[in-house]
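**Q**
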């Protein structure tokens, strides 16, 4: 009888071990997919991370911006999408407790990337780290991105049984200027296993879709690393030309530029027509910046990376010229104060790159007979010269006749 009990105890222990090992094995292929590599770790932690990317034009600077998120268990309706009806998928449980997710912050001097970088994130609290490429939506040859990470903390949450617990993470709306958030939710699977008699978090997988996952874990549906936001900016081009018969085509004109409604501390690059940086200016805490620059006739300056809410005022100083201006080819009104000529944008959003061209005209009409009648003057002078020559010839002829008579 004792022998039978011992045998049954051994079988029970083996079954428990098999149930414990099975979920751990299923996690490994999830992290091994694609370019991902896995490395076992021994440190137990109840936190994981996801990436946050801000995509922008190459000539824009990183905005000073902060983003927040909400994490919550799935609703009953959302859970119905992951029911395992044919016993081929993992059993997904509704998340429990109230995990915390940190904000993400971006700064103007932050590093940017022009192609997907490879980075390491802690995908598994106890089991694995993952090295793989960033997942930046919309990245191409014309733009770049900055990145940071948010931390999700499950400290204090008691998972009473092993399983895969799913949470939904959404990005909260933002008032950051020029930013379009990623409105699509992400789904975070938390893998909980029985480790030495205690339930512990041993892995995380971040998804873009609320889909069932195959038991073998070889192709996790919608596996992803984070959220991508778009920072929309436009350029302001300033140029000038000189017209009129008295215009000096090598003239250089002085400009004062004021830009408002930027983010506090935002950096703006001012470049020449070839893309060389003339100066970098920084907005004050209220989002305002002003600077001066000179523009030679036929040249232009480019003020790069203005968010769509930015407003600008341009003042040109010019002496003894009649000054007009156009924006994108259409006439615009200037306010004139002595030698200062100013254009201020209306209270509307930028929707495209703006080109403001100042035209400086100087023309003059000289008195009649000095400039416009110069041909007549030359004609009169010619007649006078011819008359003089004729008089000399007549005089010489008379003298010749007198000399002949005397002989």
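Numbering (this note's numbering), first residue to last: 7 to 413.
Here a beta-carbon is modelled for each residue, glycine too, at the ideal position from N, C-alpha and C.
1) In angstroms, rounded to a whole number, what distance separates the CA positions of residue 164 and residue 195?
2) Taking residue 335 as the reference, which of 229, 369, 362, 170 has the closest Cα?
3) Among 294, 291, 169, which has the Cα closest to the Cα of residue 201?
4) Which partner residues of residue 337 appear in the DSSP bridge assignment?
5) In the DSSP assignment, find the unbroken beta strand (DSSP E) run with residue 82 in it and report its ends.
6) Who are residue 169's beta bridge partners in DSSP?
7) Three Cβ pairs or more, each shorter than 8 Å: is that satisfied between the region 315-331 and the region 339-349?
8) What's the C-alpha gap between residue 278 and residue 190?
9) Per the DSSP calculation, residue 364 is bridged to which residue(s)?
10) Please identify the residue among 66, 314, 211 whose C-alpha is closest to the C-alpha of residue 115.
11) Buried or exposed, going by whether 16 or more other CB atoms sit within 10 Å of the CB of residue 254?
12) For residue 301 and residue 309, which I take to be in contact (beta-carbon distance under 8 Å), what is that distance rounded to the nearest angstrom?
13) Pull up the distance between the alpha-carbon of residue 353 and that of residue 294, whole angstroms please.
14) Would you report the Cα separation of residue 193 and residue 122, rounded to the nearest angstrom?
15) Under 6 Å Cβ to Cβ from residue 39, same chain only, skipping five residues before and after it: list those, please.
16) Could you check if residue 158 is buried or exposed, using at least 16 other CB atoms within 10 Å of its CB as the buried criterion?
17) With 7 Å as the threshold, decide whether the Cβ of residue 186 is near any Cβ in chain D.
18) Short of 8 Å in beta carbon distance, which residues of its chain neighbour residue 340, apart from the five on each side in sequence? Order them along the chain.
19) Closest by CA to residue 317, which one among 219, 53, 69, 239?
20) Have a look at residue 102 and residue 171 and give me their C-alpha separation to the nearest angstrom.
21) Tell me which same chain residues have a C-beta within less than 7 Å of the C-beta of residue 142, skipping the five on either side of it?
22) With 16 as the cutoff for other CB atoms within 10 Å, does residue 198 come out buried or exposed?
23) Check for me: the beta strand (DSSP E) holding residue 306 runs from which residue to which?
24) So is residue 138 buried or exposed if we call it buried at 16+ other beta carbons inside 10 Å?
25) Using DSSP's beta-bridge definition, name the partner residues of residue 232.
26) Rounded to whole angstroms, how far is the Cβ of residue 148 from the Cβ of residue 229, which I believe are closer than 8 Å?
**A** From the atom records:
1) What you label residue 164 is simply residue 158 of the chain shown in a count that begins at 1. What you label residue 195 is simply residue 189 of the chain shown in a count that begins at 1. Computed Cα separation, rounded: 16 Å.
2) As a first step, residue 335 is located in the chain shown; it is residue number 329 there, counting from the start. Of 229, 369, 362, 170, the residue nearest in Cα terms is 362.
3) The residue given as residue 201 occupies position 195 in the chain shown. Of 294, 291, 169, the residue nearest in Cα terms is 169.
4) Your numbering for residue 337 matches position 331 in the chain shown. BP columns for residue 337 point to 332.
5) Within the chain shown, residue 82 is the residue found at index 76, counting from 1. Note, residue 82: premise wrong, no beta strand (DSSP E); alpha helix (DSSP H) at 82-85.
6) Along the chain shown, one-based indexing puts residue 169 at 163. DSSP output for residue 169 lists 198 as bridge partner(s).
7) yes
8) Here the question's residue 278 lines up with position 272 in the chain shown. Here the question's residue 190 lines up with position 184 in the chain shown. If I take the Cα positions, the gap works out to 40 Å.
9) Numbered from its first residue, the chain shown carries residue 364 at position 358. DSSP, once it has assigned bridges, lists 246, 331 as partnering residue 364.
10) Taking the chain shown and counting its residues from 1, one reaches residue 115 at position 109. For residue 115, the nearest C-alpha among the options comes from 66.
11) Within the chain shown, the letter at position 248 stands for residue 254. Flag for residue 254 reads exposed.
12) As a working mapping, residue 301 is identified with position 295 in the chain shown. As a working mapping, residue 309 is identified with position 303 in the chain shown. Not confirmed; about 12 Å, so no contact.
13) Taking the chain shown and counting its residues from 1, one reaches residue 353 at position 347. Taking the chain shown and counting its residues from 1, one reaches residue 294 at position 288. Cα to Cα, residue 353 sits roughly 15 Å from residue 294.
14) Walking along the chain shown from the start, residue 193 turns up at place 187. Walking along the chain shown from the start, residue 122 turns up at place 116. Near 22 Å, if we compare the C-alpha coordinates of residue 122 and residue 193.
15) Taking the chain shown and counting its residues from 1, one reaches residue 39 at position 33. In this prediction, residue 39 has a pLDDT of 37, which is less than 50 and means its spatial position is unreliable; nothing more can be read from the coordinates.
16) By 1-based counting over the chain shown, the position of residue 158 is 152. Per the 10 Å Cβ criterion, buried.
17) Going by chain labels, chain D is absent from the structure shown, which holds only one protein chain.
18) The count along the chain shown starts at 1 and reaches residue 340 at position 334. Taken in chain order, the residues that qualify are 329, 330, 331, 347, 348, 349.
19) Start at 1 with the first residue of the chain shown, and residue 317 comes out as number 311. Selected option, being the one with the closest Cα: 239.
20) By one-based count along the chain shown, residue 102 stands at place 96. By one-based count along the chain shown, residue 171 stands at place 165. Using only the alpha carbons, I get a separation of about 8 Å.
21) Indexing the chain shown from 1 puts residue 142 at position 136. Once the five neighbours on either side are set aside, the close Cβ partners of residue 142 are 59, 61, 122, 151, 234.
22) Within the chain shown, numbered from 1, the residue matching residue 198 stands at position 192. Burial call: buried.
23) Residue mapping note: residue 306 aligns to position 300 of the chain shown, counting from 1. Where residue 306 is concerned, the enclosing beta strand (DSSP E) stretches over 306-313.
24) Looking up residue 138 in the chain shown gives position 132. Buried is the call here.
25) Position 226 of the chain shown, counted from the start, is the residue given in the question as residue 232. Note: residue 232 sits in a beta bridge opposite 57.
26) Counting from 1 along the chain shown, the entry for residue 148 is found at position 142. Counting from 1 along the chain shown, the entry for residue 229 is found at position 223. Their Cβ separation, rounded to whole angstroms, is 27 Å, which puts residue 148 and residue 229 out of contact at 8 Å.
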